[in-house]
Structures are given as structure tokens and as C-alpha cells.
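Peer 1:
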Ligand code: GDP
Ligand code: IMO
Ligand code: MG
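In our numbering, the protein residues as written are 2 to 425.
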């Protein structure tokens, strides 16, 4: 797989981190292309667990140049924290490259994230509170401060004062909040700039050069396709493009440079935050999956909402990503379920449809039409080949692949790197 995009096909936390890490073993570059530290990507190697927020998950491999590309929004405090904690664990971060045009999450973005959420009241999005939405708003509104500004002290001070004059008036007059102090911010961000500066590069050029030389590159999508700002369950979405198209926009390479798109999906569904969730399980069954799957947010620790696999939604997200292969995750969590349900269609206003509605208010009226399959009781965590799996587990995987219309490439049976079954 020379150039591969790894995307989440649900609402995030599908284990993109695990799959990126797996592919990175044979890659020379791993490129994060969207979102910010609202992401939490977990990689488990032996008894060591790593949680990445801004840092590309491929950084654990010495062969990999890790790239934070143009489309990412960077909280420098979080990035510096990740750099030093990885160094303290003996991971070489020298090969990290950071785009000079990536936007910087500033203190006013974090403040406005919480003020906007409070203002929305019962309509709140349930954001991660990391300033992501306000930072992207400013990027598109041309009020942004970029990494190239951050590492130039004079430009950073000038830009901070210019922007803050406007932001402080907004904070005070609209939200009645406390204004922020430009000098304090410049002092704090100056220290981050020093740590970040040696990593700053023209990453679009670097990625294009590697692609042109035929090197193996993994593009690491953050979040899930149903959180995409254009194609997700708006307004309960994030502010970037998690889908595979985001990899070209977010790194400065063209669509013809992408060879494969691996769509990652859990064999059930989870969601963190507010918004429609067609196959959600309320009560004991959802709670049982949450406990067994340790379904608590990697970034915020919030309990994830859990439900059955939704083949209508994943068929849709596979299409908008042009997925070439599927990675199905957390098969072990379903062991012990007597029977399993898959949503194969929705009933909306008395009509049955397999088409995922674009309008979220229509989606709110969708009742899943379920197909029921028998479960299995045998443990699958030691399985390393498809033949090691119970027949009912294989049938379940095959059925998902059939409904989603994409071949299965990998099945994950545990959190560790080695707990993975690859198809021939
Ligand atoms: P990401 O945001 O898509 O990278 O996913 P997260 O890291 O937020 O959440 C996935 C969680 O599932 C992590 O805690 C992983 O360690 C864990 N995980 C990955 N694959 C498996 C699996 O096959 N079985 C189980 N039980 N856990 C898994
Ligand atoms: P990874 O990469 C799960 C959700 C938040 C909220 C909505 C908007 O780990 O899969 P934001 O802070 O982005 O403005 O919040 O999006 N969300 C995620 N949920 N996994 C993620 O990332 C998420 N990133 C954002 O919970 O509902
Ligand atoms: Mg996550």
C-alpha cells in the first residue's frame, strides 16, 4: 500500500491509532491532516500504552518521519507536552515535521469554545472544549495565527494584539467574559515557539517529494466521517474534514496521489457528545458494551454512548471516502452476546430506505430496521487468522462487509499491536 489514507467510518474512536501504527511499520512517513487535540489515538505495544492528541501515531516507529500537516490546528502547549512526554519515554521525536501554515489554537479559542457551548444551552454540541471550532472559524474568517507567525516573535506579538483587540470586545460584549492579556499570552507562547521552531518545515513539499519517490506514506485521519463538517450529522460535528478528501486538502497533495483508503469501523457503534445516534442502546445492553469495551473518551474521559453496528451509515461513509478496504475493530468485545443486531435499513415516515439522509432532522426520525445474527461465546483474543475465529464471528464479519460493500482487510481482536488478523 504505497499511499494509504486511514479514516474513521463512524463517530470517532474506531481505533485509527492502532491501524496507523500497524501500517507505519512499513512506511517512511505518517501524516496527520485534520483536526487538533480533540483527537485521542491510542496505540498499545506490549505493556506500554501511548495516547496521541496532536502527534501522529506513527512516531513510535524509528523509520517514520511524522508530519503534522497544514490542515491540522495545533495547541502548542499540548504539542510541547506530547514532545516532552514521548522523549521521557525514550521515543525519538527528532523526525517530527510541523507545517508552517498550520493554524495555532490560542487561549481565546479555548475560552470561546466554552462560552459558545454555554450560550447554546440545551442545544450544546458537547465539544471536547479544546478550542477546535473557534480556531477553524478564525482560519476561515481570516483571523488566524499560523505556525509561521508563532515562531517569529515580532509577528506573533503584532498579530496577537491585532486579533485580541477584536476577540476581547467579543468576549466582553457578547458573552460578558473576562478579557485576555496579550503580553501574558506572548510570553507563554514564546516558550512554545522555541521548542517547536526546529520542527517547522514546508510539509507539503516534503510529502510530495516522498510520494514522487514512491515512498510508503500513511495519512492519519482524525475523528470519524460522521463528524465531517460537510458530510456528517450537522451541527453535531467537528469543524474539519476527517474524510479521505481531507487528506489532500490538509496536506497539499492531489487526489491522484492516493492509492488506498482504509476505513476503520468498530463492529458496533459509539459516539461521544450530543447528536443523533440511530442504533443507540440505552440501558443495560449499552452499559455492558461500554464496560467490556472500556468505552470512555481518550481525550475527555466522557462515557461513550454505545449501540449496534449501523450498516446504512457505514455504507454511506465508505462511499464518501471511496474506501478500498475495511478494518473491523473490537471483535472481542462482542464475545458472549447471544445475538447481534445490524441496522440494514431505516424506516423514515413509513418508508424503508437504505440511503443515509443528508438532513439531520430527517435522520432524527429514522428507526433502524435490524437483521439479527447469532453471537459466539468463544474468546477471540488469541486469533491471528480468520480460521481461528468461531464460525458465527466470521459470518458476522462477512455480513458487515457485504452490507458495506467493501472487502475486509483486517480484523482487530484486542488492543495490542499484535492482536490483529490480516486477510490474505
Ligand atoms: P481512535 O481515536 O480511532 O484512534 O481510537 P481510540 O484510541 O480513541 O479508541 C480506541 C480504543 O480501543 C483504544 O483504547 C484502543 O486501545 C482500543 N482497541 C483498539 N483495538 C481494539 C480491539 O480490537 N479490542 C479492544 N478490546 N480494544 C481495542
Ligand atoms: P478521534 O480522532 C470522538 C466529537 C466531540 C463532539 C464533536 C465536536 O479520537 O476519533 P469538537 O471538540 O471537535 O468541536 O467537538 O466531535 N469529537 C470526537 N469524538 N473521537 C474524536 O476524535 C472526536 N473529535 C471530536 O465529542 O461531539
Ligand atoms: Mg479517539
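Virtual Cβ for every residue (Gly too), placed ideally from N, Cα, C.
Computed from a predicted structure; not experimentally measured.
What does the alpha-carbon distance come out to for the pair residue 224 and residue 13?
Peer 2: By 1-based counting over the chain shown, the position of residue 224 is 223. By 1-based counting over the chain shown, the position of residue 13 is 12. The straight-line gap from Cα to Cα measures roughly 4 Å.
Peer 1: I'd like the span of the beta strand (DSSP E) that includes residue 267, first residue to last.
Peer 2: If you number the chain shown from 1, residue 267 lands on position 266. Run containing residue 267: 261-267, per the beta strand (DSSP E) assignment.
Peer 1: Under the rule that 16 or more other beta-carbon atoms within 10 Å means buried, what is residue 241, buried or exposed?
Peer 2: If you number the chain shown from 1, residue 241 lands on position 240. The residue in question, residue 241, is buried, as its Cβ has 16 or more Cβ neighbours within 10 Å.
Peer 1: Compute the Euclidean distance between the alpha carbons of residue 389 and residue 329, then round it to the nearest angstrom.
Peer 2: In the chain shown, the residue the question calls residue 389 occupies position 388. In the chain shown, the residue the question calls residue 329 occupies position 328. Their backbone Cα atoms lie some 16 Å apart in a straight line.
Peer 1: By a C-beta neighbour count over all protein chains shown, 10 Å radius and 16 as the cutoff for buried, is residue 352 buried or exposed?
Peer 2: Looking up residue 352 in the chain shown gives position 351. Looking at its Cβ environment, which holds fewer than 16 other Cβ atoms inside 10 Å, residue 352 is exposed.
Peer 1: Just how far apart, CA to CA, sit residue 356 and residue 127?
Peer 2: If you number the chain shown from 1, residue 356 lands on position 355. If you number the chain shown from 1, residue 127 lands on position 126. Roughly 27 Å separates the two Cα atoms.
Peer 1: Closer than 7 Å to a non-hydrogen atom of the ligand MG - does that hold for the CB of residue 260?
Peer 2: Translated into positions along the chain shown, residue 260 becomes position 259. No.
Peer 1: What does the alpha-carbon distance come out to for the pair residue 117 and residue 21?
Peer 2: For the purposes of this step, residue 117 is identified with residue 116 of the chain shown, where counting begins at 1. For the purposes of this step, residue 21 is identified with residue 20 of the chain shown, where counting begins at 1. If you take the alpha carbons of residue 117 and residue 21, they lie about 33 Å apart.
Peer 1: Near residue 176, which residues of its chain fall below 6 Å by C-beta distance, leaving aside the five closest residues on each side in sequence?
Peer 2: The residue you call residue 176 lines up with position 175 of the chain shown. So the qualifying residues of the chain are 116.
Peer 1: Going by CA-CA distance only, name the one from 369, 111, 291 that's closest to residue 345.
Peer 2: Counting from one through the chain shown, the residue named residue 345 turns up at place 344. It is 369 whose Cα lies nearest to the Cα of residue 345.
Peer 1: Where does the unbroken alpha helix (DSSP H) through residue 412 begin, and where does it stop?
Peer 2: What you label residue 412 is simply residue 411 of the chain shown in a count that begins at 1. First-last for residue 412: 409-413, but that is the beta strand (DSSP E), not the alpha helix (DSSP H).
Peer 1: Rounded to the nearest angstrom, how far is the Cβ of residue 310 from that of residue 269, given a contact under 8 Å?
Peer 2: Translated into the one-based positions of the chain shown, residue 310 becomes position 309. Translated into the one-based positions of the chain shown, residue 269 becomes position 268. About 5 Å separates the two Cβ atoms, so the contact holds.
Peer 1: Examine the Cβ distances between the region 257-266 and the region 291-303 and report whether three or more of them are shorter than 8 Å.
Peer 2: Counting Cβ pairs under 8 Å, fewer than three are found: no touch.
Peer 1: In three-state DSSP terms, what is residue 3?
Peer 2: What you label residue 3 is simply residue 2 of the chain shown in a count that begins at 1. Coil.
Peer 1: Examine the ligand IMO and report whether any of its heavy atoms sits within less than 7 Å of the Cβ of residue 237.
Peer 2: To locate residue 237, count along the chain shown from 1; it is residue 236. At least one heavy atom of the ligand IMO is nearer than 7 Å to the Cβ of residue 237, so yes.
Peer 1: Quick check on residue 308: does DSSP put it in helix, strand or coil?
Peer 2: Here the question's residue 308 lines up with position 307 in the chain shown. Residue 308: strand per DSSP, three-state reduction.
Peer 1: Taking DSSP's pairing of strands, which residues face residue 347 in a bridge?
Peer 2: As a position in the chain shown, residue 347 is number 346, starting the count at 1. Answer by DSSP bridge pairing, in chain order: 354, 369.
Peer 1: With burial defined as no fewer than 16 other Cβ atoms inside 10 Å of the residue's Cβ, what is the status of residue 151: buried or exposed?
Peer 2: Taking the chain shown and counting its residues from 1, the one referred to as residue 151 is at position 150. Buried.
Peer 1: Closer than 5 Å is what we want: which residues have a beta carbon that near any heavy atom of the ligand MG? List them in chain order.
Peer 2: This selection yields 14, 41, 299.
Peer 1: Would the beta-carbon of residue 8 fall within 8 Å of that of residue 222?
Peer 2: Counting from 1 along the chain shown, the entry for residue 8 is found at position 7. Counting from 1 along the chain shown, the entry for residue 222 is found at position 221. In this structure, residue 222 lies closer than 8 Å to residue 8 by Cβ.
Peer 1: Please report the straight-line C-alpha distance between residue 72 and residue 384, rounded to a whole angstrom.
Peer 2: Your numbering for residue 72 matches position 71 in the chain shown. Your numbering for residue 384 matches position 383 in the chain shown. Roughly 38 Å separates the two Cα atoms.
Peer 1: Where in the region 203-272 do unbroken runs of the beta strand (DSSP E), each at least 3 residues long, occur, reported from the N-terminal end onward?
Peer 2: Complete beta strand (DSSP E) runs here, min 3: 218-221, 261-267, 270-272.
Peer 1: Let me know if residue 6 comes out buried or exposed under the rule of 16 or more other beta-carbons within 10 Å of its beta-carbon.
Peer 2: Start at 1 with the first residue of the chain shown, and residue 6 comes out as number 5. By the neighbour-count rule (16 or more Cβ atoms within 10 Å), residue 6 is buried.
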